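In the numbering used here, the protein residues as written are 1 to 183.
Just below is one structure, and these are the notes that go with it.
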Amino acid sequence: MTGIHHMLVHFPIAFWALATLLVLLGVMGRGRAADIAQASLLPLLVLSLLGALAAIVSGFLVWPWQANLYSPMVRNHILMAFWALAVWSMLAVLLWRAGKAAFSGRQGWALIFLALLGGGLFAITGTLGGHLAGAPTAFSQLIAALGWKLYTTFYLPSWALLILALVGLGCALLGLAGRRRGG
Ligand code: HEM
1 MTGIHHMLVH FPIAFWALAT LLVLLGVMGR GRAADIAQAS LLPLLVLSLL
51 GALAAIVSGF LVWPWQANLY SPMVRNHILM AFWALAVWSM LAVLLWRAGK
101 AAFSGRQGWA LIFLALLGGG LFAITGTLGG HLAGAPTAFS QLIAALGWKL
151 YTTFYLPSWA LLILALVGLG CALLGLAGRR RGG
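Structure, rendered in structure tokens:
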């Protein structure tokens, strides 16, 4: 049964990796390549979200809840999977609402920021999964260099919480300012 999760996770991982490249190409590229990247991003994101749901559901069906939640590494794996899903869902909604305008100006940079964030989150999800399955990757050394040791860090440092709160506050203020200017 575990093979089902191992097989299904390839869908969100491959689609999100491609989506990260398409965002970069769609915002920073020129000509036909950029047009194709812009046109194909939303359908690809829809597929990636379906793939992610299948991966998440399989994770919950294949292993018992008690086992999943008992292990801090699996808890981190699940948390990162949900964060990745949230960021990519947000990106898909933005693209759906804004259409082509999402790729230009400041919206384009917001798209790149979200894509790099989502890319990092799914890479961490995958690397945690690899450690759980006994197949560690070199990517974890990069995360360790940033201060997150996969086998021992099972909390969010206070400075990270502070930065998250500040980013959230900044986004809310930017949104309010934008709405005022628009209305
Ligand atoms: C977007 C969602 C997810 C992605 C991309 C993902 C990715 C992965 C990857 C790449 C592996 C390693 C597979 C291998 O080496 O062949 C893995 C393993 C694992 N995943 Fe996930 N995962 C996701 C969601 C979940 C969820 C929601 C759960 C639990 C509820 C879960 C539980 C596990 C467990 C327990 C393993 C270890 C498997 C083993 O021991 O053989 N995953 N995952």
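Every residue gets a Cβ at the ideal spot worked out from N, C-alpha and C, and that includes glycine.
Please read these numbers as outputs of a predicted model, since none were measured by experiment.
Can you give the Cα-Cα distance for Ser89 and Ala115, rounded to whole angstroms?
Inter-residue distance for Ser89 and Ala115 is about 11 Å (C-alpha atoms, whole angstroms).
Report yes if the C-beta of Trp83 is less than 7 Å from at least one heavy atom of the ligand HEM; otherwise report no.
Shortest gap from the CB of Trp83 to any heavy atom of the ligand HEM: 7 Å or more.
Between Leu142 and His77, which are expected to be in contact by the criterion C-beta below 8 Å, what is the C-beta distance as a whole number of angstroms?
The pair is not a contact, with the Cβ atoms about 17 Å apart (cut-off 8 Å).
Does DSSP put Tyr185 in a helix, a strand or coil?
Past the boundaries of the shown model lies residue 185; the chain is included only from 1 to 183, so the question cannot be answered.
Helix, strand or coil: which one does DSSP assign to Trp148?
Three-state DSSP puts Trp148 in coil, outside helix and strand.
Express the C-alpha separation of Gly120 and Leu150 in angstroms, rounding to a whole number.
Put simply, the backbone Cα of Leu150 is about 15 Å away from that of Gly120.
Does any heavy atom of the ligand HEM sit closer than 7 Å to the C-beta of Val23?
No, since every heavy atom of the ligand HEM falls outside the 7 Å radius drawn around the Cβ of Val23.
Have a look at Leu117 and Trp65 and give me their C-alpha separation to the nearest angstrom.
Answer to the nearest angstrom: the Cα atoms are 28 Å apart.
What span of residues does the alpha helix (DSSP H) with Ala14 cover, start to end?
Boundaries of the alpha helix (DSSP H) around Ala14: His10 to Met28.
By the three-class DSSP mapping on this structure, what secondary structure does Leu156 have?
Leu156 falls in the coil class under three-state DSSP.
Of the residues Ala102, Leu132 and Ile56, the one placed nearest Ala86, counting alpha carbons only
With distances taken between CA atoms, Ala86 lies nearest to Ile56 out of Ala102, Leu132 and Ile56.
Other residues of its chain near His6: CB distance less than 8 Å, five sequence neighbours each side excluded:
For His6, same chain residues with a beta-carbon under 8 Å away, outside a window of 5 residues either side, are Ala133 in chain order.
Note down the Cα distance separating Leu41 from Ala67, rounded to an integer number of angstroms.
Rounded to whole angstroms, Leu41 to Ala67 spans 37 Å at the Cα level.
Have a look at Gly147, His10 and Gly3 and flag the residue whose alpha-carbon is nearest the alpha-carbon of Leu53.
Nearest to Leu53 by C-alpha distance, out of Gly147, His10 and Gly3, is His10.
Starting from Phe113, trace the alpha helix (DSSP H) both ways and give me its first and last residue.
Following the DSSP letters along the chain, one finds Phe113 inside the alpha helix (DSSP H) bounded by residues Gly105 to Leu132.
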